[in-house]
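Below: one structure, written as structure tokens.
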Amino acid sequence: KAGVTQTPRYLIKTRGQQVTLSCSPISGHRSVSWYQQTPGQGLQFLFEYFSETQRNKGNFPGRFSGRQFSNSRSEMNVSTLELGDSALYLCASSLAGHSSYEQYFGPGTRLTVT
Amino acid sequence: QQPVQSPQAVILREGEDAVINCSSSKALYSVHWYRQKHGEAPVFLMILLKGGEQKGHEKISASFNEKKQQSSLYLTASQLSYSGTYFCGTVDSWGKLQFGAGTQVVVTP
Chain A
1 KAGVTQTPRY
11 LIKTRGQQVT
21 LSCSPISGHR
31 SVSWYQQTPG
41 QGLQFLFEYF
51 SETQRNKGNF
61 PGRFSGRQFS
71 NSRSEMNVST
81 LELGDSALYL
91 CASSLAGHSS
101 YEQYFGPGTR
111 LTVT
Chain B
1001 QQPVQSPQAV
1011 ILREGEDAVI
1021 NCSSSKALYS
1031 VHWYRQKHGE
1041 APVFLMILLK
1051 GGEQKGHEKI
1061 SASFNEKKQQ
1071 SSLYLTASQL
1081 SYSGTYFCGT
1091 VDSWGKLQFG
1101 AGTQVVVTP
């Protein structure tokens, strides 16, 4: 079974630009979550999508948005990039939702904002 | 609100034991534990559900005190492969999973 894939793996953007990250979950998984990882901050929850609907959202500004398609693939968009957005962005998929199902993480997209 | 993990870091010799604690200020539905090795994605270790059910596939045990909203992960007879950063994740009644800042574990020969 193929794992969670994320594209691109590395990205360098300039402050003020926008970026779109993509995540393909494990086949059959309907829930996709996004996390921001920075040194010392651990994994910060961004949002969770289930069957194309945003089910939960973390405490991030509106510049961070996402969506999920009918095939469960998900995209995350960050507009008006700031230097502080530099981080590893991880997506994770699960069969149904957070509560009772393990999350399978992708390798992440390393975003650098200059 | 993120759960609080302690300690932040621990150094062990092979064969020694360690406990990692995770606490939340909110009522919890379940607790997740993951381990992340340097340069790799976090990997699932265990889920502890309200009511006592546990799901996991590693030889690492954990406990979940629902009343105190606390969980502990027990690393027993540690092996070199146990090195990594351990994250607890707590799920509230809304189904939101939030992770702590992590506990770095280093196991030395």
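In order, the protein sequences belong to chains A and B.
Just so you know, we're using the working numbering here: the first sequence kicks off at 1 and counts up by one.
Just so you know, we're using the working numbering here: the second sequence kicks off at 1001 and counts up by one.
Don't be surprised by glycine CBs; every beta carbon is placed ideally from N, CA and C.
With 16 other CB atoms within 10 Å as the buried threshold, where does residue i fall?
i                 : result
Ala1009 (chain B) : exposed
Thr1108 (chain B) : exposed
Pro39 (chain A)   : exposed
Ala1027 (chain B) : exposed
Lys1096 (chain B) : buried
Glu48 (chain A)   : buried
Asp85 (chain A)   : buried
Ser1024 (chain B) : buried
Could you tell me whether the Cβ atoms of residue i and residue j are closer together than 8 Å?
i                 : j                 : result
Ser74 (chain A)   : Gly66 (chain A)   : yes
Leu1048 (chain B) : Val1031 (chain B) : yes
Pro117 (chain A)  : Gln17 (chain A)   : Because chain A in this structure spans residues 1 to 114, residue 117 (chain A) falls outside the shown range and cannot be described.
Gln1070 (chain B) : Cys1022 (chain B) : yes
Trp1094 (chain B) : Ala1062 (chain B) : no
Phe1099 (chain B) : Leu43 (chain A)   : yes
Tell me which residue opens and which closes the beta strand (DSSP E) that residue i is part of.
i                 : result
Arg9 (chain A)    : Looking at the DSSP string, Arg9 (chain A) is not in any beta strand (DSSP E), and its letter there is neither H nor E.
Thr1108 (chain B) : 1103 to 1108
Ile1011 (chain B) : 1009 to 1013
Gln44 (chain A)   : 42 to 50
Phe1064 (chain B) : 1061 to 1065
Leu1080 (chain B) : Taken as a continuous stretch (DSSP letters only), Leu1080 (chain B) belongs to no beta strand (DSSP E), as it is neither H nor E.
Ile26 (chain A)   : Looking at the DSSP string, Ile26 (chain A) is not in any beta strand (DSSP E), and its letter there is neither H nor E.
At a CB distance below 9 Å, what residues from the segment 1073 to 1091 of chain B approach chain A? Give them in sequence order. Listed in sequence order: Thr1085, Phe1087, Gly1089, Val1091.
Proximal residues, the segment 42 to 53 of chain A versus chain B, C-beta separation under 7 Å: Answer in chain order: Gly42, Leu43, Phe45.
At least three beta-carbon pairs within less than 8 Å, the segment 1075 to 1091 of chain B to the segment 1009 to 1024 of chain B: Contact between the segment 1075 to 1091 of chain B and the segment 1009 to 1024 of chain B is present: 3 or more CB-CB pairs across the two stretches fall below 8 Å.
Could you tell me whether the segment 1078 to 1090 of chain B touches the segment 21 to 37 of chain A, using the rule of 3 or more Cβ pairs below 8 Å? Too few Cβ pairs lie closer than 8 Å, so no.
Interface residues of the segment 61 to 74 of chain A facing chain B [CB-CB below 9 Å]: Taking 9 Å as the Cβ-Cβ cut-off against chain B, none of the residues of the segment 61 to 74 of chain A qualify.
Between the segment 103 to 114 of chain A and chain B, which residues of the former have CB atoms less than 8 Å from a CB of the latter, in chain order? Closer than 8 Å at the C-beta level to chain B, one finds these residues of the segment 103 to 114 of chain A: Gln103, Tyr104, Phe105, Gly106, Pro107, Gly108.
Check distances from the C-beta atoms of the segment 16 to 30 of chain A to those of chain B and list, in chain order, the residues that come in under 7 Å. Correct list: empty, as no residue qualifies.
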